[in-house]
């Protein structure tokens, strides 16, 4: 479609600020951004929508416009909701670079413009996208008469012979073709998600092509059309929440028209994602209300009343939940400039979904709130028969991340970290405050471990080992140096292997025979080495106190 047609559509609320001679330019797509440099997400021919959150002063307009022009953008539309009138410096920069500029009235949502452009552009393409556009409305409806993204994916298969899947950032299957053909294995889903996140974090332009098991896949990002102009100034704010479209084909050989088709499909599916996010609003609010009551020390009766309201929403048709668990997650980015709470909230809503479930709505039994960099999930556990109560496990920390670790690590790259803690199940409102503190403490234990993605559960809070991560660094260094440095120095000079001998001796609970067998030594040689350890450290390894000191020193070193 042409820019002139957009200007003539009163419902879009567009006002031309510059570029009257360029109104015959063609629009091939639409993109919403508030990144200072959105070049990695541009492919040319777009109408770019921006809320101007990237602009800090007048000097920012010139480089922003220059980037858009270099990437072949057709026009720029700036929202008036943030700053009121569009700044003169932006108008002048667009005029210098002959980039048409529109103002978007504050009463018009960017999603309205996006949907109009997608529908018009799709309708003007011949043949292969016509069926998708004709069924756009059906895809957006919920329930049996709709079908969501599956409708579009089936059309891609029937009309274009393209097999495609919608995946979450953790590799969960959101939607796939219902036509014949092998299903996409869970391992492949995880690999594709990890490859997509890696490509996004390194700034590679989509579509990302991946060779997996002899098959080439092209990966297209699916980004929200309802994102506020205040958000998404940094790719890290959304990289772990955006869906992706995986197409079983090599897009590197495609004509521009077919690429445009697939980008149009991603924008249609993005509307379904926005609908899902809107549906989560009630559950998020319920979680926020319950947790505020818990943290402010409200009476158990008041908390119990709020839980009774929440239970039918979280457990439709099953009544009240006899047990609850609390899961706490935190996402930390290097530099501390990005709030990790919303990212952690989106991740918990995804992570707590049953890994065997599929579709966009299996998380309707999860309520997640966030404050600052922390997200807190209230997880109801359905009733089980009394004879099975002892075997109830609920949410397990390690199981949550087992299949998700690779995609999450790719999305966090080398500047982000996810830590997660899980409480034990509690059966009453009185127990929720303790469960929240238990989950937070477990998360701190996880945070003390190495790795980009770490979790800890309530079971681990019963061990003395959990105390070690909280010993101050200077105390650790002084304690371990006093006990172990003499042994390290001796090993370095004499290659005596006193440290390995000490570790094996403690691991064998002080058994001379078992330790000598493990080290392939004669017992007399082992006794000599232990004697040397005692001489160098002035400790006695027959005493429990000295054994414990050595054990802790080795654990902290």
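Numbering (our numbering), first residue to last: 962 to 1518. Cβ coordinates follow ideal geometry from the N, Cα and C atoms, glycine included.
{"Query": "Cβ contact (3+ pairs, closer than 8 angstroms) linking the segment 1299 to 1316 and the segment 1384 to 1404", "Result": "no"}
{"Query": "Straight-line Cα distance separating residue 1513 from residue 995", "Result": "51 angstroms"}
{"Query": "For residue 1384 and residue 1419, believed in contact at Cβ under 8 angstroms, the rounded distance", "Result": "5 angstroms"}
{"Query": "Among 1121, 1118, 1114, nearest to residue 1135 - alpha-carbon criterion", "Result": "1114"}
{"Query": "Boundaries of the alpha helix (DSSP H) in which residue 1304 is found, first to last residue", "Result": "1302 to 1312"}
{"Query": "Coil, strand or helix - residue 1299 by DSSP", "Result": "coil"}
{"Query": "Where residue 1503 falls, given that 16 or more other Cβ within 10 Å makes a residue buried", "Result": "exposed"}
{"Query": "Separation of residue 1205 from residue 1299, as counted between CA atoms", "Result": "23 angstroms"}
{"Query": "Residues of its chain near residue 976, where Cβ-Cβ distance is below 6 angstroms and the 5 sequence neighbours each way are ignored", "Result": "1064"}
{"Query": "Any 3 or more C-beta pairs closer than 8 angstroms across the segment 1210 to 1217 and the segment 1240 to 1256", "Result": "no"}
{"Query": "Among 1244, 1245, 1268, nearest to residue 1255 - alpha-carbon criterion", "Result": "1268"}
{"Query": "Distance between residue 999 and residue 1034 (C-alpha atoms, nearest Å)", "Result": "11 angstroms"}
{"Query": "Test item: CB-CB of residue 1380 and residue 1415 under 8 angstroms", "Result": "yes"}
{"Query": "Short Cβ contact (8 angstroms threshold) for residue 1079 with residue 1249", "Result": "no"}
{"Query": "CB contact flag (residue 1328, residue 1244, <8 angstroms)", "Result": "yes"}
{"Query": "Three-way DSSP call (helix, strand, coil) for residue 1469 in this model", "Result": "coil"}
{"Query": "Alpha helix (DSSP H) segment containing residue 1161, residue limits", "Result": "1147 to 1162"}
{"Query": "Contact check, residue 980 vs residue 1069, beta carbons under 8 angstroms", "Result": "no"}
{"Query": "Spatially closest choice to residue 1121 from 1081, 1201, 1223, by CA coordinates", "Result": "1223"}
{"Query": "8 angstroms Cβ cutoff met for residue 1200 and residue 1152", "Result": "no"}
{"Query": "Residue closest to residue 1440, alpha-carbon to alpha-carbon, out of 1469, 1263, 1518", "Result": "1518"}
{"Query": "8 angstroms Cβ cutoff met for residue 1444 and residue 1486", "Result": "no"}
{"Query": "Residues sharing a beta bridge with residue 1338, DSSP", "Result": "1288, 1329"}
{"Query": "Where residue 1066 falls: helix, strand or coil (DSSP)", "Result": "coil"}
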